[in-house]
Amino acid sequence: NAGVTQTPKFRVLKTGQSMTLLCAQDMNHEYMYWYRQDPGMGLRLIHYSVGEGTTAKGEVPDGYNVSRLKKQNFLLGLESAAPSQTSVYFCASSLFRRGQQPQHFGDGTRLSIL
Amino acid sequence: AQSVTQLDSHVSVSEGTPVLLRCNYSSSYSPSLFWYVQHPNKGLQLLLKYTSAATLVKGINGFEAEFKKSETSFHLTKPSAHMSDAAEYFCVVRVRTRQLTFGSGTQLTVLP
């Protein structure tokens, strides 16, 4: 019962460094999402994908890029990390995007930018 | 547009007493509503969802929520709190195929 797996779980970066967060799901879901969680703000959508080879911007896409080369994987990239990107990042997936379909979440990646 | 407001950022209850976490929503169309729970250092887990089939929705771990269209509310309740219920709870709304909109969360503390 792996569900949604995120790697790494923790990371500390220096300002200006780059890194990629990996999300993998084994539920054959079409839709995948990247969120960031900041205190008192709930979760905000960064980017999402409606299928292999497709990506779209969410609410807070600036400073991030994504790729969905394989249906089961969704990568989130930070090209030049900034302190404002210190956050907890969650990946989620869902079978469809229709209203009643819930999203399944990974355990998060805790990222600190110094 | 859609939005969701969780009326309390923190709620404290004693073990064995009822839990009430309040959520109001705003949407132009019939919404889908969810409650998620997040335990420390974990991802969000679905507690229950409103599917429009019934206004009283039962979820996991004894939680339930009632959809009240006239009050635009979807409050989460549990008759008797357990120590393991201590966590952060998120009310979430979606209209049609739009993205999820999350509330800011309610931190539930359960006192022994």
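Chains A and B are the protein sequences, given in the same order.
Residues are numbered in the numbering used here as their position in the first sequence, beginning at 1, plus a constant of 2.
Residues are numbered in the numbering used here as their position in the second sequence, beginning at 1, plus a constant of 1464.
Ideal Cβ placement from N, Cα and C applies to all residues, glycine included.
Legend entry - A:MET34 (DSSP reduced to helix, strand or coil): The residue labelled residue 34 of chain A in the question sits at position 32 within the first sequence. In the structure shown, A:MET34 sits in a strand (DSSP, three-state: E or B).
Inset, instruction - Pick out whichever of B:PRO1543, B:PRO1576 and B:ALA1551 has its Cα sitting closest to the Cα of B:TRP1499. - result: Numbered from 1 along the second sequence, position 35 holds the residue referred to as residue 1499 of chain B. Taking only the C-alpha atoms, the option nearest B:TRP1499 is B:ALA1551.
Legend entry - is_contact[B:LEU1508, chain A] using C-beta, thresh 9 Å: Taking the second sequence and counting its residues from 1, one reaches residue 1508 of chain B at position 44. Yes, contact with chain A.
Legend entry - Three-state secondary structure assigned by DSSP to A:GLN87: As a first step, residue 87 of chain A must be located in the first sequence, where it is residue number 85. If DSSP states are grouped into helix, strand and coil, A:GLN87 belongs with the helices.
Inset, instruction - Run down chain B in chain order and give the residues with a C-beta less than 7 Å from the C-beta of A:LEU45. - result: The residue you call residue 45 of chain A lines up with position 43 of the first sequence. Against chain B, a Cβ distance below 7 Å from A:LEU45 picks out PHE1566.
Inset, instruction - Verify whether the separation of the beta carbon atoms of A:SER89 and A:GLN39 is less than 9 Å. - result: For the purposes of this step, residue 89 of chain A is taken as the residue at position 87 of the first sequence. For the purposes of this step, residue 39 of chain A is taken as the residue at position 37 of the first sequence. Contact: yes.
Legend entry - Segment contact, 8 Å Cβ cut-off, at least three pairs: the region 1471-1478 of chain B with the region 1502-1521 of chain B: no
Inset, instruction - Please check the pair A:VAL68 and A:LEU80, which I expect to be a contact at CB under 8 Å, by giving their CB distance rounded to whole angstroms. - result: Your numbering for residue 68 of chain A matches position 66 in the first sequence. Your numbering for residue 80 of chain A matches position 78 in the first sequence. The pair is not a contact, with the Cβ atoms about 11 Å apart (cut-off 8 Å).
Legend entry - Three CB pairs or more closer than 8 Å across the region 1540-1559 of chain B and the region 91-98 of chain A: no
Inset, instruction - Find the nearest neighbour of B:CYS1487 within the set B:LYS1542, B:LYS1532 and B:PHE1538, judged by alpha-carbon distance. - result: Within the second sequence, residue 1487 of chain B is the residue found at index 23, counting from 1. Ranking B:LYS1542, B:LYS1532 and B:PHE1538 by Cα distance to B:CYS1487 puts B:PHE1538 first.
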